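Student:
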(Lines of atoms letter the chains of each structure in order from A; the text may use other names.)
(Lines give C-alpha, C1' and ligand atoms only; values in the text may rest on other atoms or scores of the structure.)
Protein backbone atom coordinates (compact mmCIF):
# COMPACT_ATOMS: atom_id res chain seq x y z
CA UNK A 1 0.00 0.00 0.00
CA UNK A 2 1.44 3.35 -1.02
CA UNK A 3 1.77 6.31 1.33
CA UNK A 4 -0.85 8.52 -0.46
CA UNK A 5 -3.38 5.70 -0.30
CA UNK A 6 -2.73 5.21 3.41
CA UNK A 7 -3.14 8.95 4.09
CA UNK A 8 -6.39 9.00 2.11
CA UNK A 9 -7.81 6.12 4.18
CA UNK A 10 -6.78 7.80 7.45
CA UNK A 11 -8.41 11.12 6.45
CA UNK A 12 -11.57 9.27 5.38
CA UNK A 13 -11.95 7.55 8.74
CA UNK A 14 -11.26 10.79 10.62
CA UNK A 15 -14.06 12.48 8.67
CA UNK A 16 -16.39 9.54 9.30
CA UNK A 17 -15.65 9.70 13.04
CA UNK A 18 -16.26 13.46 13.13
CA UNK A 19 -19.58 13.10 11.29
CA UNK A 20 -20.74 10.36 13.69
CA UNK A 21 -19.83 12.35 16.82
CA UNK A 22 -21.01 15.80 15.72
CA UNK A 23 -24.37 14.86 14.22
CA UNK A 24 -26.11 15.68 17.49
CA UNK A 25 -28.68 18.51 17.27
CA UNK A 26 -26.79 20.61 19.83
CA UNK A 27 -24.04 21.13 17.23
CA UNK A 28 -26.45 22.43 14.58
CA UNK A 29 -26.44 26.08 13.54
CA UNK A 30 -29.18 27.89 15.42
CA UNK A 31 -29.42 31.10 13.38
CA UNK A 32 -31.74 29.70 10.70
CA UNK A 33 -34.88 27.64 10.82
CA UNK A 34 -36.24 26.87 7.37
CA UNK A 35 -39.20 24.96 8.73
CA UNK A 36 -40.67 27.85 10.73
CA UNK A 37 -39.52 30.84 8.71
CA UNK A 38 -42.94 31.40 7.11
CA UNK A 39 -44.62 31.36 10.53
CA UNK A 40 -42.34 34.05 11.94
CA UNK A 41 -43.99 37.44 12.59
CA UNK A 42 -41.97 40.25 11.00
CA UNK A 43 -43.76 43.52 11.82
CA UNK A 44 -44.59 45.10 15.18
CA UNK A 45 -46.74 48.25 15.28
CA UNK A 46 -47.28 50.32 18.42
CA UNK A 47 -50.23 52.69 18.67
CA UNK A 48 -50.67 54.22 22.08
CA UNK A 49 -50.10 51.51 24.68
CA UNK A 50 -51.23 48.69 22.37
CA UNK A 51 -48.93 46.52 20.25
CA UNK A 52 -49.89 44.65 17.07
CA UNK A 53 -47.64 41.81 15.90
CA UNK A 54 -48.03 40.96 12.19
CA UNK A 55 -46.87 38.20 9.90
CA UNK A 56 -47.02 39.71 6.41
CA UNK A 57 -46.32 36.31 4.78
CA UNK A 58 -49.73 34.89 5.69
CA UNK A 59 -53.31 36.14 5.49
CA UNK A 60 -54.66 38.48 8.15
CA UNK A 61 -57.13 36.83 10.53
CA UNK A 62 -58.74 38.85 13.35
CA UNK A 63 -57.30 37.76 16.68
CA UNK A 64 -54.65 35.59 15.01
CA UNK A 65 -52.79 37.87 12.61
CA UNK A 66 -52.11 40.38 14.01
CA UNK A 67 -51.63 39.26 17.59
CA UNK A 68 -52.74 42.10 19.86
CA UNK A 69 -51.06 43.00 23.16
CA UNK A 70 -52.55 45.40 25.69
CA UNK A 71 -49.19 46.81 26.80
CA UNK A 72 -45.42 46.40 26.58
CA UNK A 73 -45.34 43.94 29.49
CA UNK A 74 -47.63 41.50 27.64
CA UNK A 75 -45.47 41.66 24.53
CA UNK A 76 -42.29 41.18 26.60
CA UNK A 77 -43.77 38.04 28.18
CA UNK A 78 -44.66 36.72 24.73
CA UNK A 79 -41.13 37.49 23.50
CA UNK A 80 -39.61 35.64 26.48
CA UNK A 81 -41.81 32.63 25.73
CA UNK A 82 -40.71 32.66 22.07
CA UNK A 83 -37.05 32.65 23.04
CA UNK A 84 -37.59 29.87 25.59
CA UNK A 85 -38.94 27.76 22.71
CA UNK A 86 -35.95 28.58 20.51
CA UNK A 87 -37.99 30.89 18.25
CA UNK A 88 -36.12 34.02 17.19
CA UNK A 89 -37.83 36.12 14.52
CA UNK A 90 -36.41 39.44 13.23
CA UNK A 91 -39.16 42.04 13.59
CA UNK A 92 -39.44 45.57 12.16
CA UNK A 93 -40.69 47.86 14.93
CA UNK A 94 -42.87 50.86 13.97
CA UNK A 95 -44.17 53.41 16.46
CA UNK A 96 -47.16 55.64 15.78
CA UNK A 97 -46.70 59.32 16.59
CA UNK A 98 -47.44 62.84 15.33
CA UNK A 99 -45.04 65.24 13.64
CA UNK A 100 -44.68 68.98 14.26
CA UNK A 101 -47.51 69.71 11.81
CA UNK A 102 -49.89 67.34 13.60
CA UNK A 103 -49.76 64.68 10.88
CA UNK A 104 -50.08 61.05 11.89
CA UNK A 105 -46.82 59.18 11.10
CA UNK A 106 -45.16 55.83 11.80
CA UNK A 107 -41.49 55.89 12.80
CA UNK A 108 -38.94 53.10 12.66
CA UNK A 109 -37.49 52.30 16.07
CA UNK A 110 -34.47 50.05 16.73
CA UNK A 111 -35.93 48.30 19.77
CA UNK A 112 -39.05 48.12 21.91
CA UNK A 113 -37.09 48.46 25.14
CA UNK A 114 -34.70 51.11 23.72
CA UNK A 115 -36.69 53.15 21.15
CA UNK A 116 -34.04 55.91 20.98
CA UNK A 117 -36.47 58.75 20.36
CA UNK A 118 -33.64 61.18 19.56
CA UNK A 119 -32.76 59.51 16.27
CA UNK A 120 -33.13 61.50 12.98
CA UNK A 121 -36.67 61.40 11.55
CA UNK A 122 -37.57 58.36 9.48
CA UNK A 123 -41.31 58.41 9.06
CA UNK A 124 -44.15 58.03 6.59
CA UNK A 125 -47.62 59.50 6.40
CA UNK A 126 -50.04 57.05 7.94
CA UNK A 127 -52.58 57.72 5.19
CA UNK A 128 -50.12 56.29 2.69
CA UNK A 129 -48.88 53.44 4.84
CA UNK A 130 -51.31 52.16 7.46
CA UNK A 131 -54.99 52.61 8.10
CA UNK A 132 -55.03 53.72 11.72
CA UNK A 133 -57.11 52.01 14.41
CA UNK A 134 -60.47 53.35 15.39
CA UNK A 135 -60.86 55.95 18.11
CA UNK A 136 -61.65 53.21 20.62
CA UNK A 137 -58.37 51.47 19.73
CA UNK A 138 -60.02 48.06 19.26
CA UNK A 139 -59.30 47.68 15.57
CA UNK A 140 -55.81 46.64 14.54
CA UNK A 141 -54.10 48.61 11.77
CA UNK A 142 -53.75 46.81 8.46
CA UNK A 143 -50.61 46.54 6.36
CA UNK A 144 -50.82 48.83 3.33
CA UNK A 145 -48.56 50.53 0.82
CA UNK A 146 -45.69 52.86 1.67
CA UNK A 147 -44.28 55.93 -0.02
CA UNK A 148 -40.50 55.66 0.16
CA UNK A 149 -40.44 54.55 3.78
CA UNK A 150 -40.63 51.52 6.02
CA UNK A 151 -42.04 48.39 4.40
CA UNK A 152 -44.85 47.45 2.02
CA UNK A 153 -46.97 44.34 1.99
CA UNK A 154 -45.76 43.50 -1.52
CA UNK A 155 -42.14 43.93 -0.46
CA UNK A 156 -42.66 41.70 2.55
CA UNK A 157 -44.31 38.99 0.46
CA UNK A 158 -41.64 39.01 -2.24
CA UNK A 159 -38.67 39.51 0.12
CA UNK A 160 -37.61 42.73 -1.60
CA UNK A 161 -34.85 44.46 0.32
CA UNK A 162 -35.88 47.69 2.01
CA UNK A 163 -33.26 50.47 2.22
CA UNK A 164 -32.03 51.11 5.77
CA UNK A 165 -33.68 53.99 7.67
CA UNK A 166 -35.44 55.64 4.69
CA UNK A 167 -36.28 59.31 5.23
CA UNK A 168 -37.32 62.32 3.19
CA UNK A 169 -35.04 65.30 2.62
CA UNK A 170 -35.62 68.26 4.92
CA UNK A 171 -34.86 71.24 2.69
CA UNK A 172 -36.33 74.70 3.29
CA UNK A 173 -35.30 75.85 -0.20
CA UNK A 174 -37.73 73.37 -1.76
CA UNK A 175 -40.68 73.68 0.62
CA UNK A 176 -42.18 76.86 -0.82
CA UNK A 177 -43.86 75.98 -4.14
CA UNK A 178 -43.98 77.21 -6.84
CA UNK A 179 -40.62 78.86 -6.04
CA UNK A 180 -37.31 77.02 -6.39
CA UNK A 181 -38.97 74.43 -8.60
CA UNK A 182 -36.59 71.79 -10.05
CA UNK A 183 -33.70 73.27 -8.08
CA UNK A 184 -30.90 71.18 -6.67
CA UNK A 185 -31.12 70.29 -2.96
CA UNK A 186 -29.11 72.32 -0.50
CA UNK A 187 -25.68 71.17 0.64
CA UNK A 188 -25.80 69.27 3.94
CA UNK A 189 -22.75 70.47 5.83
CA UNK A 190 -23.88 68.95 9.15
CA UNK A 191 -24.08 65.34 7.89
CA UNK A 192 -27.65 65.17 9.17
CA UNK A 193 -28.51 62.20 6.95
CA UNK A 194 -25.65 59.89 7.98
CA UNK A 195 -27.09 56.42 8.59
CA UNK A 196 -30.30 57.10 6.64
CA UNK A 197 -31.42 56.61 3.04
CA UNK A 198 -32.75 59.68 1.22
CA UNK A 199 -34.41 59.86 -2.22
CA UNK A 200 -31.05 61.04 -3.62
CA UNK A 201 -29.41 57.89 -2.28
CA UNK A 202 -32.10 55.79 -3.95
CA UNK A 203 -31.40 57.57 -7.25
CA UNK A 204 -27.73 56.62 -6.94
CA UNK A 205 -28.64 53.00 -6.20
CA UNK A 206 -30.89 52.99 -9.27
CA UNK A 207 -27.99 54.14 -11.46
CA UNK A 208 -25.64 51.60 -9.91
CA UNK A 209 -28.08 48.79 -10.78
CA UNK A 210 -28.19 49.82 -14.45
CA UNK A 211 -26.10 47.99 -17.03
CA UNK A 212 -24.28 51.23 -17.86
CA UNK A 213 -24.49 54.32 -15.65
CA UNK A 214 -24.11 57.87 -17.00
CA UNK A 215 -22.53 58.90 -13.69
CA UNK A 216 -18.70 58.88 -13.77
CA UNK A 217 -18.65 58.21 -10.02
CA UNK A 218 -20.27 54.78 -10.46
CA UNK A 219 -18.27 51.60 -11.00
CA UNK A 220 -20.51 50.70 -13.95
CA UNK A 221 -19.99 54.03 -15.76
CA UNK A 222 -20.45 53.58 -19.49
CA UNK A 223 -17.61 55.95 -20.32
CA UNK A 224 -17.31 59.48 -21.66
CA UNK A 225 -18.71 58.56 -25.09
CA UNK A 226 -21.75 56.95 -23.49
CA UNK A 227 -22.47 60.03 -21.36
CA UNK A 228 -21.87 62.37 -24.31
CA UNK A 229 -24.32 60.35 -26.42
CA UNK A 230 -26.98 60.89 -23.74
CA UNK A 231 -26.27 64.62 -23.78
CA UNK A 232 -26.59 64.69 -27.58
CA UNK A 233 -29.89 62.79 -27.40
CA UNK A 234 -31.35 65.34 -24.95
CA UNK A 235 -31.28 63.15 -21.84
CA UNK A 236 -30.13 66.15 -19.77
CA UNK A 237 -32.15 68.73 -21.69
CA UNK A 238 -34.03 69.95 -18.59
CA UNK A 239 -30.74 70.43 -16.72
CA UNK A 240 -28.96 72.52 -19.34
CA UNK A 241 -27.96 76.05 -18.36
CA UNK A 242 -27.37 78.76 -20.97
CA UNK A 243 -24.97 81.60 -20.21
CA UNK A 244 -24.44 84.76 -22.20
CA UNK A 245 -20.82 85.49 -23.06
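Numbering (the UniProt record's numbering), first residue to last: 1 to 245. Note that the Cβ used here is the ideal one computed from N, Cα and C, for glycine as well. Because the structure is a prediction, the values reported are computed rather than measured.
#1: For the alpha helix (DSSP H) that residue 73 lies in, which residues bound it at each end?
#2: What's the C-alpha gap between residue 40 and residue 70?
#3: For residue 52 and residue 66, which I take to be in contact (beta-carbon distance under 8 Å), what is that distance rounded to the nearest angstrom?
#4: Would you mind sorting residue 103 into buried or exposed? The rule is 16 or more other CB atoms within 10 Å of its CB.
#5: Answer yes or no: do residue 98 and residue 44 have a C-beta to C-beta separation smaller than 8 Å?
#6: In the DSSP output, what is residue 93 paired with across the bridge?
#7: Which residue marks the beginning of the beta strand (DSSP E) containing residue 68, and which one marks its end?
#8: Using 10 angstroms around the beta-carbon of residue 7, count the other beta-carbons present and answer buried if the total reaches 16, otherwise exposed.
#9: Bridge partners for residue 104 per DSSP, in chain order?
#10: Is the beta carbon of residue 197 closer than 8 Å to that of residue 166?
#11: Which residues in the same chain have their Cβ closer than 7 Å to the Cβ of residue 213, if we skip the five residues on either side of it in sequence?
Tutor: The relevant details are as follows:
#1: On the chain shown, position 73 is the one that residue 73 refers to. Here the alpha helix (DSSP H) through residue 73 covers 72–84.
#2: Within the chain shown, the letter at position 40 stands for residue 40. Within the chain shown, the letter at position 70 stands for residue 70. Cα to Cα, residue 40 sits roughly 21 Å from residue 70.
#3: Taking the first residue of the chain shown as position 1, residue 52 is located at position 52. Taking the first residue of the chain shown as position 1, residue 66 is located at position 66. Confirmed, about 4 Å.
#4: For the purposes of this step, residue 103 is taken as the residue at position 103 of the chain shown. The residue is exposed, with fewer than 16 neighbouring Cβ atoms inside 10 Å.
#5: By one-based count along the chain shown, residue 98 stands at place 98. By one-based count along the chain shown, residue 44 stands at place 44. No. Outside cutoff.
#6: Along the chain shown, one-based indexing puts residue 93 at 93. In the DSSP output, where bridge partners are listed per residue, residue 93 has 44 and 109.
#7: As a position in the chain shown, residue 68 is number 68, starting the count at 1. Residue 68 -> beta strand (DSSP E) spans 67–69.
#8: As a first step, residue 7 is located in the chain shown; it is residue number 7 there, counting from the start. Its Cβ having fewer than 16 others within 10 Å, residue 7 is exposed.
#9: Here residue 104 refers to the residue found at position 104 of the chain shown. When beta bridges are read from the DSSP output, residue 104 appears opposite 98.
#10: Numbered from its first residue, the chain shown carries residue 166 at position 166. Numbered from its first residue, the chain shown carries residue 197 at position 197. For residue 166 and residue 197, yes; Cβs fall inside 8 Å.
#11: Here residue 213 refers to the residue found at position 213 of the chain shown. Answer for residue 213: 207, 220, 221 and 222, listed in chain order.
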